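Numbering (our numbering), first residue to last: 5 to 227.
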Amino acid sequence: MPKGEHQGLNDLVENVEIITNTIEDTYECIANIGGDKDIMFVADRTHVITGGIQQLQENLQGIGIHSVTTFLVDLTGEVVDEDLPYGPLETFWQFDADLAARHRYPAVNPLSSTSTVLEGAHLDQEHFTIQQKALKLLRRYRELRSLVNVSGIERIPTSELQTYQRGERLEAYLTQPFYTAEPLTNKPGQSVSLKDTLNDVQEIMNGALDSRDASELVFIGRL
Numbered sequence: 005m006p007k008g009e010h011q012g013l014n015d016l017v018e019n020v021e022i023i024t025n026t027i028e029d030t031y032e033c034i035a036n037i038g039g040d041k042d043i044m045f046v047a048d049r050t051h052v053i054t055g056g057i058q059q060l061q062e063n064l065q066g067i068g069i070h071s072v073t074t075f076l077v078d079l080t081g082e083v084v085d086e087d088l089p090y091g092p093l094e095t096f097w098q099f100d101a102d103l104a105a106r107h108r109y110p111a112v113n114p115l116s117s118t119s120t121v122l123e124g125a126h127l128d129q130e131h132f133t134i135q136q137k138a139l140k141l142l143r144r145y146r147e148l149r150s151l152v153n154v155s156g157i158e159r160i161p162t163s164e165l166q167t168y169q170r171g172e173r174l175e176a177y178l179t180q181p182f183y184t185a186e187p188l189t190n191k192p193g194q195s196v197s198l199k200d201t202l203n204d205v206q207e208i209m210n211g212a213l214d215s216r217d218a219s220e221l222v223f224i225g226r227l
């Protein structure tokens with residue numbers, strides 16, 4: 005439990021089973037639970053500064069517990085400060101206010117978010133190639149989108165219009181119909197395999213979906 009009052013904290017607290025107030029308390033609780041259960045541990049990002057998160061991970065590994073997934077939450081709502089590290093984490097999700105405003109969920113920035121799982125050493129060549137092409141397309145699409153927001157789509161050069169439209173479709177496809185959101189969206193949740201995702205992304209980038217409007221790809225699951 006972080007110190008002080010934070011917007012949205014009550015919503016988070018309602019969905020947890022155990023609340024602790026210190027890193028030491030957290031260690032004792034997880035040690036008592038043991039390593040035969042998957043545990044999600046959520047903490048305020050400020051614990052990175054003290055080294056508490058890293059020490060907790062090392063202590064748990066020392067007693068054979070490797071089943072803890074740690075989430076660091078920035079409760080300040082401020083822009084990410086690159087000088088303040090996130091600590092010993094394998095994955096970093098940066099949520100995107102623009103995507104959220106346009107109801108493109110999950111509103112995870114595909115360019116700023118990173119994971120060691122997506123590094124070349126962990127991917128086969130086909131996956132790595134598609135990933136790099138998709139990132140390149142989304143990066144250019146976002147640059148062009150900035151121009152569209154200011155001056156309208158008419159200002160995009162004809163040579164770049166296809167890139168913009170395919171980037172728009174790819175961004176729409178990367179939305180996800182969550183099972184947990186069904187009561188709010190009235191859309192059935194769907195799971196899409198990695199193979200299907202890669203094939204669909206490839207189809208969008210190759211132009212097979214050029215005849216479809218981007219709005220048709222929002223929250224559809226697989227193509």
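Cβ coordinates follow ideal geometry from the N, Cα and C atoms, glycine included.
Since this is a predicted model, take the numbers as computed values, not measurements.
Would the C-beta of T167 count as close to the ligand ADP, meaning under 8 Å from any of its heavy atoms? By its list of ligands, the structure shown contains no ligand whatsoever, and the ligand ADP lies outside what it can speak to.
Would you mind reading off the limits of the alpha helix (DSSP H) that contains M209? L198 to N210
State the Cα-Cα distance for the pair Q135 and D128, rounded to the nearest angstrom. 11 Å
I want to see whether chain B comes within less than 9 Å of Q166, judged by CB atoms only; does it? Absence of chain B from the displayed structure is noted, only one protein chain being present.
Would you decide whether D204 is buried or exposed? Buried here means 16 or more other CB atoms lie within 10 Å of its CB. buried
From G55 to G171, what distance separates their C-alpha atoms? 40 Å
Which same chain residues, not among the five before or five after Q206, have their C-beta less than 8 Å away from its C-beta? I134
From I67, S155 and L227, pick the residue whose C-alpha is nearest to that of L198; which is it? L227
CB of E175 within 9 Å of CB of R108, strictly: yes
What is the DSSP secondary structure of T184, counted as helix, strand or coil? coil
Could you give the distance in angstroms between the alpha-carbon of Q58 and the alpha-carbon of Q11? 26 Å
Below 8 Å on the Cβ atoms is my guess for V72 versus V46; work out the distance and round it to an integer in Å. Wrong, their Cβ atoms sit about 11 Å apart, outside the cutoff.
Please work out which residues of its chain come closer than 6 Å, Cβ to Cβ, to I30, disregarding the five sequence neighbours upstream and downstream, and give them in chain order. In the sequence as presented, Ile is not what sits at residue 30; that position holds Thr. Counting only Cβ-Cβ distances below 6 Å, and skipping sequence neighbours, we find T24.
Pull up the CB-CB distance for L60 and I37, whole angstroms please, since I reckon it's below 8 Å. The pair is not a contact, with the Cβ atoms about 14 Å apart (cut-off 8 Å).
By Cβ distance, which residues of its chain are closer than 8 Å to L141, with the 5 residues on each side in sequence left out? T167, R170, G171, L174 and M209
Please classify D100: is it buried, with 16 or more other beta-carbons within 10 angstroms of its beta-carbon, or exposed? buried
Restricting to Cα atoms, I'd like to know which of I22, E147 and A105 is closest to E164. E147
Extract the residue ranges of the alpha helix (DSSP H) inside the segment 50-128, only unbroken runs of 4 or more that lie entirely within it. 51-54, 56-66 and 101-105
Run of the beta strand (DSSP E) containing A47, from where it starts to where it stops: I43 to D48
Out of curiosity, what's the CA-to-CA distance linking Y193 and T201? One detail in the question is off: residue 193 reads as Gly in this sequence, not Tyr. Taking the straight line from one Cα to the other gives about 16 Å.
Once you ignore the five residues that flank I160 on each side, which residues in its own chain have a CB closer than 8 Å to its CB? L148, L151, V152 and Y168
Between A105 and the rest of its own chain, which residues show a CB-CB distance below 6 Å, the 5 nearest in sequence each way excluded? none
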